[in-house]
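*Asks:* Have a look at this one before I ask anything.
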Amino acid sequence: MQNSKPRSALYPICEQLPTFLALTLAGGICGCYGVVAFGTFACGETGNLLHLWKSVAGGNIVDMLLRGLTLGMFILGIVLAAILPDKLGKKRWQTICLAIEFVLTLIVISLPDIHFLLHLAPLFLLAALQYHTFNHCEGLAVATVFCSNNIRQSTLGMVEWVRRKDKTALHRFKVFGLAVLAYSIGAVYCAAFFPLMGQLVLLPALFIYLIICPIIGLEKRQA
């Protein structure tokens, strides 16, 4: 007998599409914030690493140290997200992770006028935590803070569906495509409203973390 439950009901709340898209929307806001405010993508390390080696080659000690700090923040986030689920349990860690992300976003909103890399350092940590903690949606490995692989997987899903009418490929196209759309909506909102709101443009991301955190925690207590 076939399972009559909708596909999303087969997964925990953190891996269901609505929850994941909300986190991806927040990822688009936070990612675009660094770009529109300071010209730096604070949710990934490739660009930051290249700037770090440029500073090393050019002898720019201050920039090298600050780039090294943000790289360290990103690495710290990965280490914490790799170790703590085993220590605390996956559900409890996910709840704590969102609480930490709420605090990190609040810090960025509250920061005074300081060097842009110090200003964005909490977002480097936030991105690493979320990248390693919330990385699956409906059985697929999807990212909330990056878009390159999401675009690739959505395109491949579309191609496979058009060629073979495969339902699995259609599902992949839908999930990855919606993730790209949610991320893009967050980015467009941030770019459009940053000139009016400044740091307060991060408020929707703050509220997303605040709302989803107890929802995941409540699911844990009911399990």
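Note that our numbering numbers the sequence shown so that position 81 is 232, with each residue one more than the last. By construction, the Cβ of each residue, glycine as well, lies at the ideal position given by its N, Cα and C atoms. Keep in mind it's a predicted model, so treat the numbers as computed, not measured.
Using the C-alpha atoms, what's the distance from D264 back to H283?
*Replies:* Along the sequence shown, one-based indexing puts residue 283 at 132. Along the sequence shown, one-based indexing puts residue 264 at 113. Distance between the alpha carbons of H283 and D264: 30 Å.
*Asks:* Within a Cβ cutoff of 7 Å, which residues of the same chain sit near L235, ignoring the five residues on either side of it in sequence?
*Replies:* Within the sequence shown, residue 235 is the residue found at index 84, counting from 1. Excluding residues within five positions, the ones whose Cβ falls inside 7 Å are W244.
*Asks:* So the candidates are L307, C364, I366; which of them puts its Cα closest to the Cα of L383?
*Replies:* As displayed, the chain neither begins before 152 nor continues past 374, which places residue 383 out of reach and without an answer.
*Asks:* Quick check for students: name the residue ranges of the alpha helix (DSSP H) that lie wholly in the stretch 259-294, counting only runs of 4 or more.
*Replies:* The qualifying runs are 267-284.
*Asks:* For M215, which residues in the same chain have their Cβ closer than 8 Å to its Cβ, ignoring the five residues on either side in sequence?
*Replies:* In the sequence shown, counting from the first residue as 1, residue 215 sits at position 64. Excluding positions up to five away in sequence, the list reads L203, S206, V207.
*Asks:* Grouping DSSP H, G and I as helix and E and B as strand, with all else coil, what is V187?
*Replies:* For the purposes of this step, residue 187 is identified with residue 36 of the sequence shown, where counting begins at 1. Looking at V187 - three-state DSSP - the assignment turns out to be helix.
*Asks:* Are the stretch 313-330 and the stretch 287-295 touching by the rule of at least three beta carbon pairs closer than 8 Å?
*Replies:* Yes, since at least three Cβ pairs between the stretch 313-330 and the stretch 287-295 fall closer than 8 Å, the two stretches touch.
*Asks:* So for F324, helix, strand or coil by DSSP?
*Replies:* To locate residue 324, count along the sequence shown from 1; it is residue 173. Looking at F324 - three-state DSSP - the assignment turns out to be helix.
*Asks:* Can you tell me the Cβ-Cβ gap for V352 and F345, rounded? I've got them flagged as a contact below 8 Å.
*Replies:* Within the sequence shown, numbered from 1, the residue matching residue 352 stands at position 201. Within the sequence shown, numbered from 1, the residue matching residue 345 stands at position 194. Contact flag correct, Cβ pair sits at about 5 Å.
*Asks:* Specify the secondary structure class of K318 as computed by DSSP and reduced to three states.
*Replies:* The residue labelled residue 318 in the question sits at position 167 within the sequence shown. In this structure, K318 counts as helix in the three-state DSSP scheme.
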